[in-house]
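As you go down the protein sequences, you meet chains S and Y in turn.
Using our numbering, the first residue of the first sequence is number 355, and each one after it goes up by one.
Using our numbering, the first residue of the second sequence is number 12, and each one after it goes up by one.
We treat Cβ as the ideally placed atom computed from N, Cα and C, and that holds for glycine.
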Amino acid sequence: MGEASDKTAESRPKRTRIELLVRQSDGEGFETREIASAVAYLHSRPQRIPDADWEMARLPFAPQGVVTYALKNRRTEQIIQISETEKFLWEQMDGRASLQEIGTSYLLHYGSFDFEVIPTLIVKLLRADLLTMRPVSRLRAVLARNRRNPAARAMEGTLHALERLTVTSRRSHVFFERVYRYGGFLLFTPWALIVLAIMVVVGGRSAITIWHDLSEVTHGLASHPLIAILLVKIVFWLTVVNHQIIHALACVHYKRRVREFGFTILHGFIPTFYADVTDIFMATRRARVVNAIAGPLFHLFLGFFCFWIAAQLSPGLMQGFLAASALLQMQSFLISLYPFWFLEMDGYHILVEWVGVPTLNHDSVRFVRESLWRRIRTATWLTRQEAICLAYFTLSLASVAGFILFNVWLFSSAGKS
Amino acid sequence: MPSLPDIGFLRRVVLFKDVDEPVLLALWPSFRERRLRKGDVLFRAGDPGEELFLIKDGSIVVSKPVTGRVEQVLSRLGPGEVFGEMSVLGDEPHRSATCQAEIDSVVYSLDRDSLNRFITGSPLAAAKFFQHMAQVAFKRLRDASDLVAEVTRWGLEATGLDIEHK
Numbered sequence: 355m356g357e358a359s360d361k362t363a364e365s366r367p368k369r370t371r372i373e374l375l376v377r378q379s380d381g382e383g384f385e386t387r388e389i390a391s392a393v394a395y396l397h398s399r400p401q402r403i404p405d406a407d408w409e410m411a412r413l414p415f416a417p418q419g420v421v422t423y424a425l426k427n428r429r430t431e432q433i434i435q436i437s438e439t440e441k442f443l444w445e446q447m448d449g450r451a452s453l454q455e456i457g458t459s460y461l462l463h464y465g466s467f468d469f470e471v472i473p474t475l476i477v478k479l480l481r482a483d484l485l486t487m488r489p490v491s492r493l494r495a496v497l498a499r500n501r502r503n504p505a506a507r508a509m510e511g512t513l514h515a516l517e518r519l520t521v522t523s524r525r526s527h528v529f530f531e532r533v534y535r536y537g538g539f540l541l542f543t544p545w546a547l548i549v550l551a552i553m554v555v556v557g558g559r560s561a562i563t564i565w566h567d568l569s570e571v572t573h574g575l576a577s578h579p580l581i582a583i584l585l586v587k588i589v590f591w592l593t594v595v596n597h598q599i600i601h602a603l604a605c606v607h608y609k610r611r612v613r614e615f616g617f618t619i620l621h622g623f624i625p626t627f628y629a630d631v632t633d634i635f636m637a638t639r640r641a642r643v644v645n646a647i648a649g650p651l652f653h654l655f656l657g658f659f660c661f662w663i664a665a666q667l668s669p670g671l672m673q674g675f676l677a678a679s680a681l682l683q684m685q686s687f688l689i690s691l692y693p694f695w696f697l698e699m700d701g702y703h704i705l706v707e708w709v710g711v712p713t714l715n716h717d718s719v720r721f722v723r724e725s726l727w728r729r730i731r732t733a734t735w736l737t738r739q740e741a742i743c744l745a746y747f748t749l750s751l752a753s754v755a756g757f758i759l760f761n762v763w764l765f766s767s768a769g770k771s
Numbered sequence: 012m013p014s015l016p017d018i019g020f021l022r023r024v025v026l027f028k029d030v031d032e033p034v035l036l037a038l039w040p041s042f043r044e045r046r047l048r049k050g051d052v053l054f055r056a057g058d059p060g061e062e063l064f065l066i067k068d069g070s071i072v073v074s075k076p077v078t079g080r081v082e083q084v085l086s087r088l089g090p091g092e093v094f095g096e097m098s099v100l101g102d103e104p105h106r107s108a109t110c111q112a113e114i115d116s117v118v119y120s121l122d123r124d125s126l127n128r129f130i131t132g133s134p135l136a137a138a139k140f141f142q143h144m145a146q147v148a149f150k151r152l153r154d155a156s157d158l159v160a161e162v163t164r165w166g167l168e169a170t171g172l173d174i175e176h177k
């Protein structure tokens, strides 16, 4: 008997663990952590297929006292039989609850827990194609729910195809090393700061001059509206490449690798260039801050440069175009440096370095959603990190709301005028 | 250069265990001793590599960047073990992984030029050196493929995917 159970234990492989090294935010110290596959499994969030794609019926011919159900996948016509307890679990699998939370609900509902019931049910559901991965965005979730509609299906297919439209180079590091060697290094010398300061002063004066002649400048744009809009947008889009190149050069400056550089359609509809400079996390805090601030400073320089050139020109399309481009560059500078958007842009990374909470965005949302109300009810003081999370969440919420209201006001004013 | 020749230590290093003592004595001045405090990074993945290292004391953790500040631990190396040979002897001049001291450690480094002098000056010793180097490389390859299998199994367990019956 003992031998048999030993053999069973031997035949069942031990749950695996991977060992990760997590570097401290100063880039120097580190700790190693073993993560068991079981932990990752408990944090996964199973999601049943859309409600329209399945149906359930109670089986009338079950043995006395035992309630069973037939669960049918309408798309594949596959049917599985599930018990009352499995039905309870199926109802929890909405893509929001983790397996750990589902297990807790089960325990609270039934008063006991069977460790095998969840994995067994998941295997059963996966075989019948009744569980899916959670769609990445709300739009994708809506499209997934409406797959019967040909338009929704076509749009989902298009989004999927666009997401795959990525041009990338993993050998870009050598290119950026060359660019840095042949002049890029100048951007990281005190001379670059002096040139920037001069441009801020000169461009600032030019901006004031342009402001005085605003009606003439806008008239130049208004006389060719379509060309003006296209020109401003395309040129601005091209400057985004330079923003990314500057990040890449900063990475090379601090002797870290640029892992990737390319073009992608972000979330299926935002065409953008990107540089993977995550290797900068291995460098010092100063390097990370310089890397984050280098891109926005490029917009600041370009904005004032455009103002300066625009002030030299006589009224017309070119002057209007340069003035509008300058404003867009200034807006990019401010937006990318402003940290409170729930978006992890350059300013956010600087803020994170300052407050020392690497996952601030995620932690703040989680804190407000899961712990804040409990803290208020029990009237307990917040820790430093919780106070930071709350401040970040509040400011970000206010900023996003303010941004939306500002745009609504802008559009309604434009409509009236 | 470490003060007195420690031929006993070199004999414990698999690469040099069959190399004759006079050759080891001639090579000894080329070694540079480096003392590392716990957490000191010897080199990072992507750095240019010009030296191989022998561990005299301590423990070196070898890791590869995964995402952000997270790296995967590939292995831990202890006294008598060698590392950093890939960028010295291979085609790729950059370090393939990050190596740093897990505890206070002492390592001996041997630069590319000294190694080349040893190889050209003592062909017989070099043959024995490379024979053992091949064994080290085979072991590394085996360990790497074991790690790939282990990580794959981790992924399957973490997602609950049932591949056998699907």
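Item	Value
Assuming A629/S and A602/S form a contact by the criterion Cβ under 8 Å, report the distance between their Cβ atoms to the nearest whole angstrom.	4 Å
To which residues of the same chain is E385/S closer than 8 Å at the C-beta, ignoring the five residues directly before and after it?	L375, V376 and Q378
Using a Cβ-Cβ cut-off of 8 Å, state whether R720/S counts as contacting chain Y.	no
Alpha carbon to alpha carbon, how far is L681/S from Q598/S? Give it in angstroms, no decimals.	20 Å
Can you name the start and end residues of the beta strand (DSSP E) that A424/S belongs to?	T422 to N427
Could you list the residues in the segment 67 to 84 of chain Y with a C-beta less than 8 Å from some C-beta on chain S, going in chain order?	V72, S74, P76, V77, T78, G79, R80, V81, E82, Q83 and V84
I need the boundaries of the beta strand (DSSP E) containing A411/S, first residue and last residue.	W408 to R412
Measure from the alpha carbon of C743/S to the alpha carbon of each residue in V586/S, V644/S, R723/S and R642/S, then state which is nearest.	R723/S
With a threshold of 8 Å between beta-carbons, can E44/Y be considered close to chain S, or not?	no
For R437/S, report the span of its beta strand (DSSP E) as first-last.	According to the sequence shown, residue 437/S is Ser rather than Arg. First-last of the beta strand (DSSP E) with S437/S: I433 to S437.
Using a beta-carbon distance cut-off of less than 7 Å, what residues from the segment 13 to 29 of chain Y approach chain S?	none
S98/Y to A482/S, Cα distance in whole Å?	50 Å
Between A561/S, Q673/S and D633/S, which lies nearest to A576/S when the distance is taken from Cα to Cα?	Q673/S
Suppose you measure from the CA of W39/Y to the CA of E82/Y; what does that come to, to the nearest Å?	35 Å
When you compare the CB of G89/Y with every CB in chain S, is at least one pair closer than 8 Å?	no
Would you please verify whether the beta carbon of F398/S is less than 8 Å from any beta carbon of chain Y?	Here residue 398/S turns out to be Ser, not Phe, going by the sequence shown. Answer yes: the Cβ-Cβ gap between S398/S and chain Y drops below 8 Å somewhere.
Considering only the beta carbon of each residue, do S125/Y and F64/Y sit closer than 8 Å?	no
DSSP puts P59/Y in a beta bridge; with which residues?	H105/Y
Could you work out which residue in L671/S, Y608/S and S725/S is closest to S569/S when comparing CA atoms only?	L671/S
Please confirm if G95/Y has its CB atom under 8 Å from at least one CB of chain S.	no
Examine chain Y for any beta-carbon lying closer than 8 Å to the beta-carbon of D633/S, and answer yes or no.	yes
According to DSSP, is D700/S helix, strand or coil?	helix
Are there three or more Cβ pairs, one per stretch, closer than 8 Å when the segment 24 to 31 of chain Y is compared with the segment 128 to 144 of chain Y?	yes
By DSSP, does R123/Y sit in helix, in strand, or in coil?	helix
Given R106/Y, which residues of its chain have a CB within under 7 Å of its CB, disregarding the five upstream and five downstream residues?	F54, R55, A56, G57, D58, G60 and S98
Would you say V490/S lies against chain Y (beta-carbon separation less than 8 Å)?	Confidence at V490/S is low in this model, with a pLDDT of 44, below 50, so its placement is unreliable and the value that follows should be read with caution. No - not a single Cβ of chain Y is within 8 Å of the one on V490/S.
At 7 Å on the CB atoms, spell out the chain Y contacts of S526/S, in chain order.	Ordered by position in chain Y, no residue passes the 7 Å Cβ test against S526/S, which lies about 13 Å from the chain.
If you compare alpha carbons, which of R720/S, G701/S and Y692/S is closest to F757/S?	Y692/S
Closest Cβ-Cβ distance between W39/Y and chain S: below 8 Å?	no
Jot down the residue ranges of each uninterrupted alpha helix (DSSP H) in the segment 667 to 732 of chain S, minimum 4 residues, whole runs only, in chain order.	671 to 691, 700 to 709, 714 to 724 and 726 to 732
Quick one: Cα of D68/Y to Cα of A108/Y, how far?	21 Å
Mind checking if A169/Y is an interface residue toward chain S, Cβ cutoff 8 Å exclusive?	yes
Touch check for the segment 651 to 668 of chain S and the segment 582 to 601 of chain S: three-plus C-beta pairs under 8 Å?	yes
Would you check if there are 3 or more beta carbon pairs closer than 8 Å linking the segment 690 to 708 of chain S to the segment 583 to 593 of chain S?	no
Just mark I730/S as buried or exposed, buried being the case when its beta carbon has 16 or more other beta carbons within 10 Å.	exposed
Name the chain S residues that come within less than 8 Å of E161/Y, Cβ to Cβ?	T370 and I372
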